[in-house]
Amino acid sequence: MSEHKKRRKVEICHNCHTILKPEDNFCPNCGQENHDLKVPVGHLIFEVVEGFTHLDTKLYNTLRAIFLYPGKITKDFLEGRRGRYVPPIRLYFLASFLFFLLLGFMIDTAIEKGQNGFFDGVVDGVSESKSKAEKESQKRLKNAKKALKEIKSSEDTNGLYNAEHELNDVRSDIKDLENLNEQTKDLQKKTNSWIDFVDIDADEILDEMNIQNDDTLRKLIEKLPENQQRQRLIAIQKQIVLDTVNTVELSDVSNEMSEYFTETIGTKSQLKYVLRLHSLKNNALLKVQYFQDTIITIKGSDGSVENKAYKQRILKMSDNELDSLIARRKKTGRENNNFFGLIALERGFLRNVTHYELAFEEDAEAAIQEITHFGIGVFSLMMFILMPIVAILLKFLYSKRSHSFFTYPFRLLRYLWDFLLYLIRFRKVRRYQNVPNILEGHTRYYYEHLIFSIHIHSVLFLMIVIFVGGGVFFGYWKEALSATMLGFFIYFIVALKVVYRQRLFKTIFKSFILFFLYIISFFTILSITGAIKFALS
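Our numbering puts the first residue of the sequence shown at 1, with every later residue one more than the last.
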């Protein structure tokens, strides 16, 4: 609670009924706070908020020290001047809460904006250029005709030739514009076609049809141009539908698959029909007409093709069945996601990968949002692990004992050389009286480095929230992020110099070493934490 809190004192302790004096802030018998809570709800809410964030001089002093005096809060805290600032852990919780709130908002906004508008912008850009060129050519055509008319009336032969030549050039430009107009229409058509089927390809469709991995049909389809694959697969699917013995109708077909197998009929393509998609049963054989008089035999897989039905079976498998599946993949040389050889992690990883693959097929936008919010959770957990590791790096770089260990051979040689000179009487007095200690020198305690690590991460989060958050509001978040990271690095160097009190050149040198080690630690811990949390979630 705030040290300036106005207490509503009582005369008798409500807990143990001890009589209290007016100056007692706590009961001398049981220790309960002498503060009456029989007040309106609004007062209680304010006190909870005040107790959590210290919305008084402590928060003001903390923010003022952070942004005006880099490293001051850590220096004051380590020297015992702690009452004026928000405690480090509480400051970190507040900063991280605001940071991850902003991060989640930015990611959701980016996902929403990224769903539409890219190809529209491409086509609109072409259309805009075409429109400007049309206006310019029409203007030139009008001027050329006017000039030709004037020259004809003046009977200027040379001018007449030039004017007719200019008129022909303009007509050629207009013809080029007409070709450009046709190309724009083709681009629009191809763009719409690509958007419709961007999330699906021939291999995925053959998987859903349960065609064996080494089947002849796969090899033939792969050799076809992409614009011919769709019509050929539709023709094959029409034949598969007719066989009710060796095939089974697909249930829960994705929107992409339905769009892929949608055809239009009629002279103006006003009518549409969608094929009811079927797949081959396991190990089933079926003869189909591939092209004109070419007949091929297609075969259903043995149940190992990873189509939607296969993935749904994985989610329903027991632990023993999953263990057998993982073992089969090892024997066949297929990729095996093995984390530290722990089968439980392998099972969890396989289940979650399969879950997200199905989620992407059903609703890509929702799946992306789910994954990004999972990533935010991993990131927040990783930071708790990273901060103590950063403290270890600081202790290593700023420990006199660590330096002593590396410089000990040189100090020992210096001592032996001095002792040799003393023995042969080149020196009457020894400069170094004692053999140097390998771990000599005072060093800081680990908690001091940990406090600096907590403070510097809190500062980073607050700077991102304030400056990048402002950049998001005004539409310049990329520029704001770059400026913030550069400013934070300068801030970090100054804070290191203030807290550890070393020369500027040495501080800059160590800051670059810390930055390099931090990047390595960051991605290593993020990968390990994310993989384990993903497998266990």
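For glycine and all other residues, C-beta sits at the position ideal for the given N, C-alpha and C. Being a predicted model, the structure only gives us computed values, none of them experimental.
* Bounding residues of the alpha helix (DSSP H) (the contiguous stretch that carries L394) -> The sequence position of residue 394 within the sequence shown is 394, counting from 1. Bounds of the alpha helix (DSSP H) holding L394 are 364–397.
* Evaluate contact between the segment 353–369 and the segment 479–493, counting only Cβ atoms and requiring at least three cross-stretch pairs below 8 Å. => Between the segment 353–369 and the segment 479–493 there are fewer than three C-beta pairs closer than 8 Å, too few to call the two in contact.
* Asked: Can P70 and Y415 be called in contact, C-beta distance under 8 Å?
  -> For this step, residue 70 is matched to residue 70 along the sequence shown. For this step, residue 415 is matched to residue 415 along the sequence shown. No. Outside cutoff.
* To do: Label I424 either buried or exposed according to how many other C-beta atoms from any shown protein chain fall within 10 Å of its C-beta, with 16 as the threshold for buried.
  => Looking up residue 424 in the sequence shown gives position 424. The residue is exposed, with fewer than 16 neighbouring Cβ atoms inside 10 Å.
* **Local Cβ density within 10 Å of G31, reported as buried at 16 or more and exposed below that** => The residue you call residue 31 lines up with position 31 of the sequence shown. Under this definition G31 is an exposed residue.
* According to DSSP, which residues form a beta bridge with H278? -> The residue you call residue 278 lines up with position 278 of the sequence shown. Note: H278 sits in a beta bridge opposite E249.
* Asked: Roughly how many angstroms lie between the CA atoms of V274 and L381, to the nearest whole one?
  -> As a first step, residue 274 is located in the sequence shown; it is residue number 274 there, counting from the start. As a first step, residue 381 is located in the sequence shown; it is residue number 381 there, counting from the start. If I take the Cα positions, the gap works out to 47 Å.
* Asked: Taking contact to mean at least 3 C-beta pairs separated by less than 8 Å, is the segment 317–329 in contact with the segment 276–284?
  -> With contact defined as three or more Cβ pairs closer than 8 Å, the segment 317–329 and the segment 276–284 are not in contact.
* To the nearest whole angstrom, what separates the beta carbons of H278 and I236, a pair I think is in contact under 8 Å? -> Position 278 of the sequence shown holds residue 278. Position 236 of the sequence shown holds residue 236. In fact, because the Cβ distance is near 11 Å, the residues do not count as touching under 8 Å.
* Buried or exposed: which applies to Q228, given that a residue is buried once 16 or more other Cβ atoms fall within 10 Å of its Cβ? -> Start at 1 with the first residue of the sequence shown, and residue 228 comes out as number 228. With fewer than 16 Cβ atoms within 10 Å of its Cβ, Q228 is classed as exposed.
* Thinking just about the alpha-carbon of each residue, which of F461, I519, L350 is nearest to the one in I532? -> Numbered from 1 along the sequence shown, position 532 holds the residue referred to as residue 532. Among F461, I519, L350, the Cα nearest to that of I532 belongs to L350.
* Q312: first and last residue of the uninterrupted alpha helix (DSSP H) it sits in -> Here residue 312 corresponds to residue number 312 of the sequence shown, with the count starting at 1. Counting along the chain, the alpha helix (DSSP H) containing Q312 begins and ends at 308–316.
* Determine contact between the segment 74–92 and the segment 508–528, defined as no fewer than three beta-carbon pairs at a distance below 8 Å. => Under the 8 Å Cβ criterion, the segment 74–92 does not count as touching the segment 508–528, having fewer than three qualifying pairs.
* Can you tell me where the beta strand (DSSP E) with Q289 in it begins and where it stops? -> As a first step, residue 289 is located in the sequence shown; it is residue number 289 there, counting from the start. Where Q289 is concerned, the enclosing beta strand (DSSP E) stretches over 285–291.
* Count the other C-beta atoms from every protein chain shown that fall within 10 angstroms of the C-beta of V245, then say buried if there are 16 or more, exposed otherwise. => Mapped onto the sequence shown, residue 245 falls at position 245. So V245 counts as exposed.
* To do: Determine which residues share a DSSP beta bridge with Y92 and list them.
  => Residue numbering aside, residue 92 sits at position 92 when the sequence shown is read from its first letter. DSSP links Y92 through a beta bridge to no other residue.
* To do: Could you give the DSSP three-state label for G83: helix, strand or coil?
  => As a position in the sequence shown, residue 83 is number 83, starting the count at 1. Under the three-state reduction of DSSP output, G83 falls in the coil class, being neither helix nor strand.
* Asked: So is W417 buried or exposed if we call it buried at 16+ other beta carbons inside 10 Å?
  -> Against the sequence shown, residue 417 aligns to sequence position 417. By the C-beta density criterion, W417 is exposed, having fewer than 16 other C-beta atoms within 10 angstroms.
* Asked: What do you reckon, are the CB atoms on D323 and I295 nearer than 8 Å?
  -> As a working note, residue 323 is residue 323 in the sequence shown. As a working note, residue 295 is residue 295 in the sequence shown. For the 8 Å CB-CB criterion, D323 and I295 do not form a contact.
* Alpha carbon of V198 to alpha carbon of L68, nearest angstrom -> Within the sequence shown, residue 198 is the residue found at index 198, counting from 1. Within the sequence shown, residue 68 is the residue found at index 68, counting from 1. Note that V198 scores a pLDDT of 43, beneath 50, so its modelled location is shaky and nothing firm can be said.
* Mark L103 as exposed unless 16 or more other C-beta atoms lie within 10 angstroms of its C-beta, in which case mark it buried. => Within the sequence shown, numbered from 1, the residue matching residue 103 stands at position 103. Looking at its Cβ environment, which holds 16 or more other Cβ atoms inside 10 Å, L103 is buried.
* Smallest Cα separation from K238: which of T262, F396, G375? -> Within the sequence shown, numbered from 1, the residue matching residue 238 stands at position 238. Nearest of T262, F396, G375 to K238, Cα basis: T262.
* Leaving out the 5 sequence neighbours to the left and right, which residues in its chain are closer than 7 Å to I200 when beta-carbon positions are compared? -> Start at 1 with the first residue of the sequence shown, and residue 200 comes out as number 200. Scanning its chain for C-beta atoms nearer than 7 Å, with the 5 sequence neighbours on each side dropped, one finds around I200 the residues E256, M257, Y260, in chain order.
* Exposed or buried, F118, counting other C-beta atoms within 10 Å across all chains shown (16 or more means buried)? -> Mapped onto the sequence shown, residue 118 falls at position 118. Annotation note: pLDDT 37 at F118 (below 50); position unreliable, coordinate value reported separately. Exposed is the call here.
* List the endpoints of the continuous alpha helix (DSSP H) containing K299. => Within the sequence shown, residue 299 is the residue found at index 299, counting from 1. That residue, K299, is in no alpha helix (DSSP H); its beta strand (DSSP E) goes 294–299.
* How close, in whole Å, do the beta carbons of L386 and F522 come, if the pair is a contact with beta carbons under 8 Å? -> Translated into positions along the sequence shown, residue 386 becomes position 386. Translated into positions along the sequence shown, residue 522 becomes position 522. About 6 Å separates the beta carbon of L386 from that of F522, a gap short enough to meet the 8 Å contact definition.
* To do: May I ask you to report which of helix, strand or coil DSSP gives F522?
  => By one-based count along the sequence shown, residue 522 stands at place 522. DSSP, reduced to helix, strand and coil, places F522 within a helical segment of the structure shown.
* Opposite T264 in the DSSP bridges: which residues? -> Here the question's residue 264 lines up with position 264 in the sequence shown. DSSP, once it has assigned bridges, lists K272 as partnering T264.
* Asked: Among G375, I454, K272, E79, which has the Cα closest to the Cα of A391?
  -> Counting from one through the sequence shown, the residue named residue 391 turns up at place 391. The shortest CA-to-CA distance from A391 to any of G375, I454, K272, E79 is the one to I454.
* **Cβ-based neighbour list, D207, same chain, cut-off 6 Å, excluding 5 preceding and 5 following** => Along the sequence shown, one-based indexing puts residue 207 at 207. Same-chain partners within the cutoff: V305, N307.
* **Local Cβ density within 10 Å of Q212, reported as buried at 16 or more and exposed below that** => Here residue 212 refers to the residue found at position 212 of the sequence shown. Q212 sits buried, since 16 or more C-beta atoms from the chains shown fall within 10 Å of its C-beta.
* To do: With a 10 Å radius around its C-beta and 16 neighbouring C-beta atoms as the bar for buried, classify Y500 as buried or exposed.
  => As a working mapping, residue 500 is identified with position 500 in the sequence shown. Y500 is classed as buried because its beta carbon has at least 16 other beta carbons within 10 Å across all chains shown.
* Asked: Does the distance from the CB of L462 to the CB of A95 come in under 8 Å?
  -> Against the sequence shown, residue 462 aligns to sequence position 462. Against the sequence shown, residue 95 aligns to sequence position 95. Yes, they are a contact pair.
* To do: Quickly, what does DSSP pair E33 with across the bridge? List them, please.
  => Within the sequence shown, the letter at position 33 stands for residue 33. In the DSSP output, where bridge partners are listed per residue, E33 has F26.
* To do: Compare the Cα-Cα distances from S251 to each of E226, D302, A309 and report the closest residue.
  => Translated into positions along the sequence shown, residue 251 becomes position 251. Closest by alpha carbon: A309.
* Asked: Thinking C-alpha only, which one of Q312, A495, I107 is nearest G469?
  -> One-based indexing of the sequence shown puts residue 469 at position 469. Comparing Cα positions, the closest option is I107.
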